[in-house]
Amino acid sequence: MSCEREEVFREIDVMARRIQEKSKVDIREQMIGDLYRDAEEIAGAVVTVEVDKEHSIEKRIDDMVLSRRFGYPLMILLLGTVFWLTIIGANIPSAWLGEILFEMVAAIDKGLVWLGTTQWLHHMVVYGILQCLAWVVAVMLPPMAIFFTLFTLLEEWGYLPRVALSLDHLFYRCRACGKQALTMCMGFGCNAAGVVSCRIIDSPRERILAMVTNAFVPCNGRFPTLLLLATLIVGGMNGAGGSDILVTAVITGIVLMGVAATFLVSRALADTMLKGEPSTMILELPPYRMPQLRSVLYRSLWERTRIVLLRAVCVAAPAGVVIWLLAQTTVGDISLLTMLADILDPFARELGLDGAILLAFILGIPANEIVLPILLMIYLATGQMTEVESVREIGHIFSAQGWDILTLINVSIFCLFHWPCATTLLSVYQESRSIKWTLVAFLLPTIIGMGICFLTAQGAKLFIAT
Amino acid sequence: MALMCWLRSIEWWGECVAGEDICRRYLKDAFDITPNEGEFIVALAGNPNVGKSTIFNALTGMDQHTGNWAGKTVVGAVGRFEWIGVRFILVDLPGTYSLGTRRAEEAAARDFICFAKPDAVIVVVDASRLERNLFLVLQVLEITKRVVVCVNLMDEAKENGVMIDLLRLEDILRVSVVGTTAKRQEGIYELRNVLLRTCQTDDIRTPRRSRYSAVIEEAVNDLLPYIKRAVGETVDARWLTMRRLEGDTECLRRVREMLSAQKEGGQCEL
Chain W
2 MSCEREEVFR EIDVMARRIQ EKSKVDIREQ MIGDLYRDAE EIAGAVVTVE VDKEHSIEKR
62 IDDMVLSRRF GYPLMILLLG TVFWLTIIGA NIPSAWLGEI LFEMVAAIDK GLVWLGTTQW
122 LHHMVVYGIL QCLAWVVAVM LPPMAIFFTL FTLLEEWGYL PRVALSLDHL FYRCRACGKQ
182 ALTMCMGFGC NAAGVVSCRI IDSPRERILA MVTNAFVPCN GRFPTLLLLA TLIVGGMNGA
242 GGSDILVTAV ITGIVLMGVA ATFLVSRALA DTMLKGEPST MILELPPYRM PQLRSVLYRS
302 LWERTRIVLL RAVCVAAPAG VVIWLLAQTT VGDISLLTML ADILDPFARE LGLDGAILLA
362 FILGIPANEI VLPILLMIYL ATGQMTEVES VREIGHIFSA QGWDILTLIN VSIFCLFHWP
422 CATTLLSVYQ ESRSIKWTLV AFLLPTIIGM GICFLTAQGA KLFIAT
Chain Z
156 MALMCWLRSI EWWGECVAGE DICRRYLKDA FDITPNEGEF IVALAGNPNV GKSTIFNALT
216 GMDQHTGNWA GKTVVGAVGR FEWIGVRFIL VDLPGTYSLG TRRAEEAAAR DFICFAKPDA
276 VIVVVDASRL ERNLFLVLQV LEITKRVVVC VNLMDEAKEN GVMIDLLRLE DILRVSVVGT
336 TAKRQEGIYE LRNVLLRTCQ TDDIRTPRRS RYSAVIEEAV NDLLPYIKRA VGETVDARWL
396 TMRRLEGDTE CLRRVREMLS AQKEGGQCEL
């Protein structure tokens, strides 16, 4: 009986193939066509359409938004506006939050003294964990909350898919998928989230392409650092005199550099490691919708901001301990932290950086947010996260360490192009299940960043020498 | 793990294997759901960006991420809610334009509708784009008759001057149709009631089956006898035939595995 059945199944395969070959039409296509015709018939019977005026207005807006002449300037303008609002909006609550948090830390400090905790434990908790946390929260929370809210507004309104459509032909030329524009946008919020969102790209080749290039756009963790650097670049080392508009322009320029790198690297990869034709993109343009305030706030603040912040906090706490320990462990007179920085120094100098900067980026692998506090910690050799200083004070610290405009530019470039944070790398591995591509995601921005920094540093040296 | 929807119609299946077990195991493995006694399982299907997640939130009172772009729901969300003392588990399937096996999210949606044997499938459609959205509805109707068509975004359609005769649509499709504007909670009450009715009733109408062109019918008639010989009369052989002609070998392979397992020990294993 069962043998007979096997026989029948084999016959089915033969028969099916014969029918498919014999058929004049593609059966699958025909079935889809038939079903569509049925759908059309039903819709025709139940739908009546009046002259639609709303639709034509929408179409006219779309013609503008999607045109090449207005589309790109509008995109850059909106991007700039988002950054500008973030910059001017974040300053005050950041300082305010910093004050409150550091007062809280001070209170806990006193409390621990009163409790009579062992000194090393007390110091580790206060200077290692708590100050690191306070810094991360104070520096990150306000810009993130504002940025995510604005971003979600644009998304809800229906602008983001239009960005994807406008950028599609650029991505197409780079032999990548237009949806990469969306994953790139997510990357502005958090590269790890951006990598995960690459799932919306169907072709595996294009998905890998989008994943390994995601870290080229600066995430929120790097944003505050870039913000500070841009302020110092515009306003000089004491951080005064620069206008917000100029700072915004610099930031937008840096971001556009990252976007340009995304295109170039995508194209280069598509020509070498990930050869293949780009697939056509089917993206439905949603209608413009009035954003619902409650939903925007909920999603931007609760879902996005909270999750990214929580992640940063989880990473910052243990990292704070490690850095504190490194700073406390001394060999001879100098701390391990300073020693490591000294070891890296000659190499870093060639890149126009210094050992401390490179070390800060290396120790910042768990999360980009803590790069700046680590750097200040190394410079001040205090073995603890310093309080949130004003931009001017940070500028003074930097110039005391011999920073000049070139250093600022190089650090900005390196901040834009260096290894992605641990969470992003982990996401790349989880999504691609491939060590090779994780390695590529690590090496690509690193090599590019070091390359550019090397060129600018050496170029400047030559220029000054002549 | 493909296409076992026809299992519902096979009588021996219920005897030889606890079909419920498989459905439960699938729910547990894929979604980590363990339905309690008397809980109904409801799937939420629909094209991308028709407000599926908003419907999900409106029904469950949860706040799941909703976004104005296609392909947002990558992993199906799961929520529970209660209506007039009856409890439901709602599974938000990824948005798809059709049910095929070529794309991961389409296969996922089809698998769920087939495999988890939901007590009802809500297909959310965009009122302004009914024609394109009906394609998915017709495909779902080929698999299960426990369907509620939820015509969402009625307000937008109205603004655009699109009018839909919902009663007529119900007559044509022969399944329940509800008009909603989920973001303002309009029609959700009715949707809940219709859902309850669809889940509870044993007497459910046979929905519209789309007619195919002569070429297809001919091809189906050519292959149908063979399929029937292999799987017997009780299975939805026609549906299986169409999938095979479409080039989908996976679902037939599965049937074959199960039948041979049944022959050997009277115990089927997946």
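Read top to bottom, the protein sequences are chains W and Z. Counting from 1, position 125 in the first sequence corresponds to residue 126 in this note's numbering; the numbering is continuous, with no gaps. Counting from 1, position 164 in the second sequence corresponds to residue 319 in this note's numbering; the numbering is continuous, with no gaps. Each residue gets a CB set at the ideal place from its N, CA and C atoms; glycine is no exception. Predicted model, so just to flag it, every value in this text is computed and none were measured.
Three-way DSSP call (helix, strand, coil) for Val218(W) in this model: Look at Val218(W) here: in three-state DSSP terms it is coil, with no helix or strand label.
Suppose the cutoff is 6 Å on Cβ atoms and the five residues either side in sequence are ignored; what does the same chain contact list for Ile359(Z) look like? Short of 6 Å from the beta carbon of Ile359(Z), and not among the five residues preceding or following it, lie these beta carbons of its own chain, in chain order: Lys300.
Proximity of Gly409(W) and Leu230(W) at Cβ, strictly below 8 Å: Checking the displayed sequence, the identity of residue 409(W) turns out to be Leu instead of Gly. Leu409(W) places its beta carbon less than 8 Å from that of Leu230(W).
At what residues does the beta strand (DSSP E) containing Ala40(W) begin and finish? Annotation: Ala40(W) is outside any beta strand (DSSP E); the continuous alpha helix (DSSP H) that includes it extends over Ile28 to Val47.
Determine whether the beta carbon atoms of Asp310(Z) and Val205(Z) lie at a separation below 8 Å. Cβ atoms of Asp310(Z) and Val205(Z): not closer than 8 Å.
Looking at Ser331(Z) and Gln294(Z), is the spacing between their C-beta atoms short of 8 Å? Against a cut-off of 8 Å, the Cβ pair of Ser331(Z) and Gln294(Z) comes out as no contact.
Sorted by chain position, which residues of the same chain lie with C-beta nearer than 6 Å to Gly195(W)'s C-beta, five sequence neighbours on each side aside? Answer for Gly195(W): Thr184, Met187, Gly188 and Asn215, listed in chain order.
Taking buried to mean at least 16 other C-beta atoms within 10 Å of its own C-beta, is Gln459(W) buried or exposed? Within 10 angstroms of the beta-carbon of Gln459(W) lie fewer than 16 other beta-carbons, which makes it exposed.
So, for Trp315(Z): in the same chain, excluding its five sequence neighbours on each side, which residues have a beta-carbon less than 7 Å away from its beta-carbon? Before going further, note that residue 315(Z) is Asn rather than Trp in the sequence given. Answer for Asn315(Z): Ser283, listed in chain order.
Quick check on Cys269(Z): does DSSP put it in helix, strand or coil? Helix.
Proximal residues, the segment 335–349 of chain Z versus chain W, C-beta separation under 9 Å: Result list: Lys338.
Taking only beta-carbon atoms, is Ile43(W) less than 8 Å away from chain Z? Yes, contact with chain Z.
Let me see if you follow: with CB-CB separation under 8 Å, is Ala198(Z) close to chain W or not? It does not: the Cβ of Ala198(Z) has no partner Cβ on chain W nearer than 8 Å.
Coil, strand or helix - Asn307(Z) by DSSP: Asn307(Z) falls in the strand class under three-state DSSP.
So what does DSSP say about Trp420(W), is it helix, strand or coil? Residue state, collapsed to three classes: coil.
Could you name the residues of chain W that Phe290(Z) contacts, counting a contact when the two beta carbons are closer than 7 Å? Result: Leu36, Tyr37 and Ala40.
Within chain W, partners of Asn307(Z) - CB distance below 7 Å: By Cβ distance, chain W contributes nothing, its closest Cβ being about 13 Å from Asn307(Z), past 7 Å.
Which chain Z residues are close to Ala401(W), counting only those with a beta carbon under 8 Å from its beta carbon? Simply none; closest approach about 46 Å.
Just curious, the beta strand (DSSP E) that Trp238(Z) is in, first and last residue? Where Trp238(Z) is concerned, the enclosing beta strand (DSSP E) stretches over Ala232 to Trp238.
Quick one: what does DSSP say Glu341(Z) is sitting in, helix, strand or coil? Note: Glu341(Z) maps to strand in three-state DSSP.
Three-state secondary structure (DSSP) at Thr331(W)? Strand at Thr331(W).
Report buried or exposed for Tyr160(W), applying the criterion of at least 16 other Cβ atoms within 10 angstroms of its Cβ. Taking all protein chains in view, the Cβ of Tyr160(W) is crowded by 16 or more other Cβ atoms within 10 Å, so the residue is classified as buried.
Gly226(Z) versus Gly72(W) - alpha carbon distance: Only weak support exists for where Gly226(Z) lies, its pLDDT of 45 falling under 50; the coordinates are left without a value.
Between which residues of its own chain and Gly81(W) is the CB-CB distance below 6 Å, once the five residues before and five after are set aside? Around Gly81(W): Thr249 and Thr253.
For Glu157(W), tell me which candidate among Arg295(W), Met65(W) and Ala182(W) has the shortest Cα-Cα distance. Taking Glu157(W) as reference, the option from Arg295(W), Met65(W) and Ala182(W) with the minimal CA-CA separation is Arg295(W).
Leaving out five residues before and five after Gly117(W) in sequence, what residues of the same chain have Cβ atoms less than 7 Å from its Cβ? Result list for Gly117(W): empty, nothing under 7 Å.
DSSP on Val127(W), reduced to helix/strand/coil? Look at Val127(W) here: in three-state DSSP terms it is helix.
What is the DSSP secondary structure of Gly201(Z), counted as helix, strand or coil? Strand, per DSSP.
Can you give me the C-alpha to C-alpha distance between Ile244(Z) and Val279(Z), rounded to a whole angstrom? The alpha-carbon atoms of Ile244(Z) and Val279(Z) are separated by roughly 17 Å.
By a C-beta neighbour count over all protein chains shown, 10 Å radius and 16 as the cutoff for buried, is Leu425(Z) buried or exposed? Any reading at Leu425(Z) must be qualified, since the residue scores a pLDDT of 35, below 50, and its modelled position is unreliable; no value is offered.
Cβ pair Ile255(W), Leu233(W) closer than 8 Å: Not closer than 8 Å, so no.
Ile319(Z): buried (16+ other C-beta within 10 angstroms of its C-beta) or exposed? By the neighbour-count rule (16 or more Cβ atoms within 10 Å), Ile319(Z) is buried.
Sort Met274(W), Glu12(W) and Arg223(W) by Cα distance to Ile209(W) and report the nearest one. The residue among Met274(W), Glu12(W) and Arg223(W) with its C-alpha nearest the C-alpha of Ile209(W) is Met274(W).
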